[in-house]
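Heads up: the structure comes next, in C-alpha cells.
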Amino acid sequence: MYASGKMVKDIYEYLNSKGVKTSYGKPMNKTNTTAILRNTKYRGQYCYRDIKIENGVPRIVSDELFEAVQRRLNKNQISRSRFKAKHEYFLSSKMVCSDCGALMVGESGTSRKGTVYNYYKCANVKKRLGCHRPSLRKDLAEKLVFQKVMEEMFTEDMIEMIADKVMEVQKQENSASCFKSSLRSLKRVL
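In this note's numbering, the protein residues as written are 21 to 210.
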C-alpha cells in the first residue's frame, strides 16, 4: 500500500478498521506502522543485535518492493523537515551528497556574535554514519543551482516559446473579457 502511494496514516487506519492490533494489544499508530515498513524481516533478513542473517526467516516481500518503500520513507522523512525550518531550503530532498549519495538537508547555526548561518548538510554526516562531507552554504548552493537552471532551460528558443504562449493566453483572456462585457451589456438591455 505504501509503495503504491498510500500514506502511513491511511495504512494504520485501514489496519485498525480490520481489527489488527500491536503485539501489546493496542491499536496501530504511525510509529508502529512505520516500524513495520522498515522491518527487514519481511524481506527475509533475521536480525539479533549485531548479527544479520540473510534468508534467516521466510521472505514475504521482494527486495525491489522493500527498497522502494525505504526510498519513499526516507524522502518523506527528510522533506517534512523542509517545512519546519524558519528558512525555506529549496534543495532539501532534491540535492544529494557527492561523497555518499545521501540526501542533503537544511541546517542552521548561530555564531558567537549572533549571526545565523544557513547551509545544507549531508544526512549521513548529521546522523554520524561515516560521511565527512563538509556543509555547503545555503545561499551559494541555491545561487549555483538557479544559475545552472537559467543557463540550461532559458535558451532563446525557450524564451520565445514562453512569450508566444503568454501572448496566446492574453488573447484568450481579452476575447473572454470582451465576451463577458457583451453579456453584461446584453443583460442590461434585457
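Note that CB positions come from ideal geometry on N, CA and C, so glycine has one too.
| query | result |
| --- | --- |
| Neighbourhood of L85 by C-beta, 7 Å cutoff - its chain only, sequence neighbours within 5 removed | A23 |
| Host alpha helix (DSSP H) of I56 (start-end) | 50-58 |
| Sequence-distant residues of the same chain with beta carbon closer than 7 Å to R102, five excluded per side | Residue placement at R102 cannot be trusted, given a pLDDT of 48 that sits under 50; the coordinates are not used to answer. |
| Distance CB(Y62)-CB(V81) smaller than 9 Å | yes |
| Three-way DSSP call (helix, strand, coil) for M124 in this model | strand |
| Supposed close pair M124, K141 - CB separation, criterion 8 Å | 7 Å |
| Beta-ladder partner(s) of C67, from DSSP | K72 |
| Backbone secondary structure at R102 - three-state DSSP | Confidence in R102 is poor, its pLDDT being 48 and thus under 50, which makes the residue's placement too unreliable to answer from. |
| Limits of the unbroken beta strand (DSSP E) element including Y34 | It is not in any beta strand (DSSP E) - Y34 instead sits in the alpha helix (DSSP H) that spans 28-37. |
| Beta-carbon spacing of N75, Q65 below 9 Å | yes |
| Closest Cα partner of V136 within the set L164, R157, I56, V28 | R157 |
| Three-state secondary structure assigned by DSSP to K61 | helix |
| Classification of V28 by the beta-carbon crowding that lies within 10 angstroms, buried from 16 upward | buried |
| C-beta contact flag for T51 and I31 at 9 Å | no |
| Sequence-distant residues of its chain with Cβ nearer than 8 Å to V77 (five each side left out) | K61, G64, Q65, Y66 |
| Same chain only: Cβ atoms within 6 Å of S37, ignoring 5 sequence neighbours per side | none |
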